[in-house]
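Residues 264 to 426 in the working numbering are what the sequence shown lists, from first letter to last.
A short worksheet on the structure shown next.
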Amino acid sequence: MTGTETNIVTSVVITPSNVHDSPMLPGLLDNTAERFNLIEVSADKAYLSEVNLRHIESHGAEPYIPFKSNTTGEGSAMWRRMYAYFILNAESFDTHYHRRSNVESTFSMVKSKFGDSVKARSETGQGDEILLKMLCHNICVLVAAMHQLGVNPSFEPEVMGLN
Numbered sequence: 264m265t266g267t268e269t270n271i272v273t274s275v276v277i278t279p280s281n282v283h284d285s286p287m288l289p290g291l292l293d294n295t296a297e298r299f300n301l302i303e304v305s306a307d308k309a310y311l312s313e314v315n316l317r318h319i320e321s322h323g324a325e326p327y328i329p330f331k332s333n334t335t336g337e338g339s340a341m342w343r344r345m346y347a348y349f350i351l352n353a354e355s356f357d358t359h360y361h362r363r364s365n366v367e368s369t370f371s372m373v374k375s376k377f378g379d380s381v382k383a384r385s386e387t388g389q390g391d392e393i394l395l396k397m398l399c400h401n402i403c404v405l406v407a408a409m410h411q412l413g414v415n416p417s418f419e420p421e422v423m424g425l426n
C-alpha cells in the first residue's frame with residue numbers, strides 16, 4: 264500500500280506468487296491507518312469485494328474500486344450506493360480512481376533505483392530483500408519530501424509510538 268502524493272510505501276505483505284492480493288487489503292489498511300489518516304483508497308478490480316469496501320469505510324475512507332463489467336447493483340445498501348456512484352458519476356469516480364496510477368509509479372521508482380529482480384535464493388532472503396528495497400525507497404522519499412514539500416519528520420519515541 265502506498266501514498267499517492269508522496270509515493271511512500273505505507274504497508275507491505277510478502278506473499279507467494281500464487282496467493283491472491285485481495286485478501287491482504289484489510290491488513291494493509293489496518294497497518295497504514297495506525298500511522299496515516301486515510302481519506303481515499305483506490306485499488307484495481309481485483310480488490311473488489313464487500314469485505315474490502317466495508318473495511319475501507321470502517322477506517323473513514325472512501326473506496327474507489329471499479330466494478331467489473333458483469334457486476335450488478337444487487338447487494339447490500341453499501342454495495343448499491345457504491346455501484347450507483349460508479350455508474351452515475353463515472354467522470355468523478357475516474358478522477359479519484361486514477362490516483363491509483365501513482366501506485367504503479369511507486370513500483371517503477373523502486374525497480375529503477377534498486378533493480379527489478381531479487382538476488383537472494385531462499386524465500387526468506389527474497390522477502391527480506393524486497394522489504395529492504397521498500398525501506399530504502401521510503402528513506403529516499405522522506406529525503407525528497409523534506410526538501411521539496413518542507414516535511415519536518417519527528418523521530419521522537421512518543422511520536423513514533425515507541426513509548
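C-beta atoms are modelled at their ideal positions from N, C-alpha and C, and glycine is treated no differently.
None of these values were measured; they are calculated from a predicted model.
Considered as a whole, the region 283-327 harbours 303-305 and 325-327 as its complete beta strand (DSSP E) runs of no fewer than 3 residues, in chain order. Membership of residue 354 in the alpha helix (DSSP H) is indicated by the continuous run 353-360. In terms of Cα proximity to residue 264, the closest of 321, 382 and 368 is 368. In the structure shown, residue 381 adopts coil according to DSSP, grouped into three states. Only residues of its own chain outside the window of five on either side were considered, and among them 269 have a CB closer than 8 Å to the CB of residue 412, listed in chain order. Distance from residue 274 to residue 294 at the Cβ level is roughly 4 Å; contact confirmed, criterion being Cβ atoms closer than 8 Å. When the five nearest sequence neighbours on each side are left out, the beta carbons in the same chain lying within less than 8 Å of the beta carbon of residue 308 are those of 328, 329, 330 and 331, in order along the chain.
Rounded to whole angstroms, the separation of the alpha carbons of residue 338 and residue 407 is 44 Å. In the structure shown, residue 406 falls within a helical segment according to DSSP collapsed to helix, strand and coil. Using a 10 angstroms sphere on the CB of residue 395, the tally of other CB atoms stays under 16, which defines it as exposed. A contact between stretches requires three or more CB pairs, one per stretch, nearer than 8 Å, and the region 305-325 meets this requirement with the region 355-370. Residue 272 is bridged by DSSP to 265.
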